[in-house]
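Visitor:
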Amino acid sequence: MKAYCFLSLLSLSGLAVARTLNIVAHQDDDILFQNPDILNDIAAGRHVRTVYLTAGDAGRDSQYWTSRQAGAMQAYAAMAGMPNVWDESDIGVEGKDIPVYSLRDRDISLAFMHMPDGSIDGDGFASTGHESLEKLWKGKIDSIRTVDESGTSYTRSDLIETLAQIINDFRPDWINSQDYVHPYGSGDHSDHTSAGLFANEGAKESRFQGNVMAYRGYPTKDEPANVAGSDLDRKKAAFYTYGNYDSVACSSDQLCAGTDYEKWLLRQYIANNE
């Protein structure tokens, strides 16, 4: 479902390595809204790194968001057909605590920035001081604090510069994020829009040359289904693996029946391809 331009393919010759960087808000956004593209990247042997901006805490305690994190790791191991064994390190941005987990024996890594979930409307949750990425983007708050114990915080410019460094260090030839084409209030989760906006701005500040792909989120449920056959089977398997770790999600055809998850699984759309 993704076509790389001829020049991009030429740039991957020789010693260059094909690298995909995904920047998303929550631990299921990539599996749900960017698949089967991620599955196809993994199958093609591309180096894949996904950066999660928020902890996906939904205002809940650490037991919930750490379980979601574990679910993302299990899902990627399953997508790669590898044991769920990861090596932990730090992403290497000075003054910012960003753990990165690398799948043993495969070029797949996941980085977790642990900023608070901002809620669907961007108002945030009381448990995290009503902070949100939307408020940070719009200048309504000066900084946002992570929900972990690291004490890390980001101003608007901090976050953009951090993402630019992550991009420069990973050297992707392809960046996927979320829908920054449609404005806040267009039916998507506030954090999805924020992730796309910050990722796109970080890419502009980096050495990356190309467009950040803006994968659509919640509103895709109203579009024609376009994922079927083996793509759908693989996408479901990945999401159901994740769903076993998220009490809000679903983990089987039976449990997803009649829900928005059932609709999202059947669809994948990119806003700047429309």
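Under mature numbering (1 follows the signal peptide of the UniProt record, and there is no 0), the letters of the sequence shown match residues -18 to -1, 1 to 256, in that order. For each residue, glycine too, the CB sits at the ideal point set by N, CA and C.
Three-state secondary structure (DSSP) at residue 272?
Guide: The displayed coordinates of the chain run from -18 to 256. Any statement about residue 272 would go beyond what the structure contains.
Visitor: Which of the three DSSP states, helix, strand or coil, is assigned to Y136?
Guide: Strand.
Visitor: How close, in whole Å, do the beta carbons of G53 and Y224 come, if the pair is a contact with beta carbons under 8 Å?
Guide: Yes, G53 and Y224 are in contact; Cβ-Cβ is about 4 Å, under 8 Å.
Visitor: To the nearest whole angstrom, what separates the beta carbons of K217 and L92, a pair I think is in contact under 8 Å?
Guide: The pair is not a contact, with the Cβ atoms about 18 Å apart (cut-off 8 Å).
Visitor: Identify, in the order they occur along the chain, each residue of the same chain with its Cβ nearer than 6 Å to the Cβ of M95, setting aside the five sequence neighbours on each side.
Guide: Only L35, I80 meet the Cβ criterion.
Visitor: Going straight from the alpha carbon of H29 to that of Q147, what length do you get?
Guide: So the alpha carbons of these two residues sit roughly 18 Å apart.
Visitor: Looking only at C-alpha atoms, which of N182, R31, A239, P201 sits nearest to G192?
Guide: With distances taken between Cα atoms, G192 lies closest to N182.
Visitor: Using alpha carbons as the reference points, say which of D235, D19, D89 lies closest to M195.
Guide: Minimum Cα distance to M195 is reached at D19.
Visitor: Suppose you measure from the CA of R138 to the CA of S125; what does that come to, to the nearest Å?
Guide: Those two C-alpha atoms are separated by around 7 Å.
Visitor: According to DSSP, what are the bridge partners of A196?
Guide: Its beta-bridge partners are S159.
Visitor: If I measure Cβ to Cβ from D151 and keep anything under 7 Å in the same chain, skipping five residues before and after, which residues do I get?
Guide: Here the set comprises G74.
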